[in-house]
């Protein structure tokens with residue numbers, strides 16, 4: 008789910024939406040993945056829709072993030088070669104508790 012091609016598509020979608028005064032939300036498995044949370048925030052996603060059992064965890068994660076830092080690091084992920092490389096970089100920069 009964290010493949011660089013998908014992340015580039017999300018980044019393009021968020022940029023296009025912002026140009027038109029719109030927001031982007033993500034739901035499902037990607038939004039529910041705590042490792043993806045800082046990446047999605049960094050790419051410009053403004054709403055995450057997760058299952059009730061994950062609301063607290065994802066909300067806590069979002070509150071601990073610095074949006075500017077997320078933007079810088081998320082942009083660097085777009086040029087990586089694989090989903091595994093993205094996950095490894097995420098774990099290194101934003102370790103899970």
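Residue numbers (this note's numbering): 8 to 104.
Where is the CB? At the ideal position from N, CA and C, for every residue including glycine.
Model, not experiment: these values are computed from the prediction.
- In summary, residue 67 is exposed, with fewer than 16 beta-carbon neighbours lying within 10 Å of its beta-carbon over all protein chains present.
- Restricting attention to 49, 89, 94 and 17, the CA atom closest to the CA of residue 72 is found in 49.
- DSSP places residue 69 in the uninterrupted alpha helix (DSSP H) bounded by 62 to 70.
- Residues of the same chain with a CB within less than 7 Å of the CB of residue 40, apart from the 5 flanking positions on each side, are 8 in chain order.
- With fewer than 16 other Cβ atoms inside 10 Å of its own Cβ, residue 30 counts as exposed.
- Ranked by Cα distance from residue 70, the first of 13, 94 and 44 is 44.
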